[in-house]
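*Asks:*
In full-length UniProt numbering, the protein residues as written are 1 to 100.
(1) Quick one: grab the DSSP three-state call for residue 81.
(2) Checking 8 Å against the spacing of the C-beta atoms, do residue 64 and residue 93 come in under that value?
(3) Looking at residue 35: is its Cβ nearer than 8 Å to the Cβ of residue 22?
(4) Helix, strand or coil, according to DSSP, for residue 62 in the structure here?
(5) Just to confirm the assignment, what range does the alpha helix (DSSP H) spanning residue 74 have?
What follows is the structure, given as structure tokens:
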């Protein structure tokens with residue numbers, strides 16, 4: 001008898017959002033990719049098979065599963081990067097873009 005794969009539960013509301021994102025053409029590709037990871041693991045696929053199908057490593061799959069379990073949908077977004085803060089406000093940037 002084959003061993004059962006661990007399932008990674010996703011709430012109904014989150015699942016609907018993830019399904020929407022995974023089919024989206026306007027979401028950043030990294031969000032689509034991460035949504036597909038979560039949905040496939042939630043459906044019972046093994047981490048190994050998800051990694052193979054999406055041509056990534058098992059470490060990447062575990063990373064996004066753990067981030068989702070820890071922080072929910074907010075966890076699949078990138079963390080803030082270090083660096084110097086912006087010198088121009090969003091309002092000023094929009095004004096410059098409007099003028100050009």
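For every residue, glycine included, the Cβ atom is placed at its ideal position computed from N, Cα and C.
*Replies:* Taking the definition as stated:
(1) coil
(2) no
(3) yes
(4) helix
(5) Counting along the chain, residue 74 falls outside any alpha helix (DSSP H), and DSSP gives it neither H nor E.
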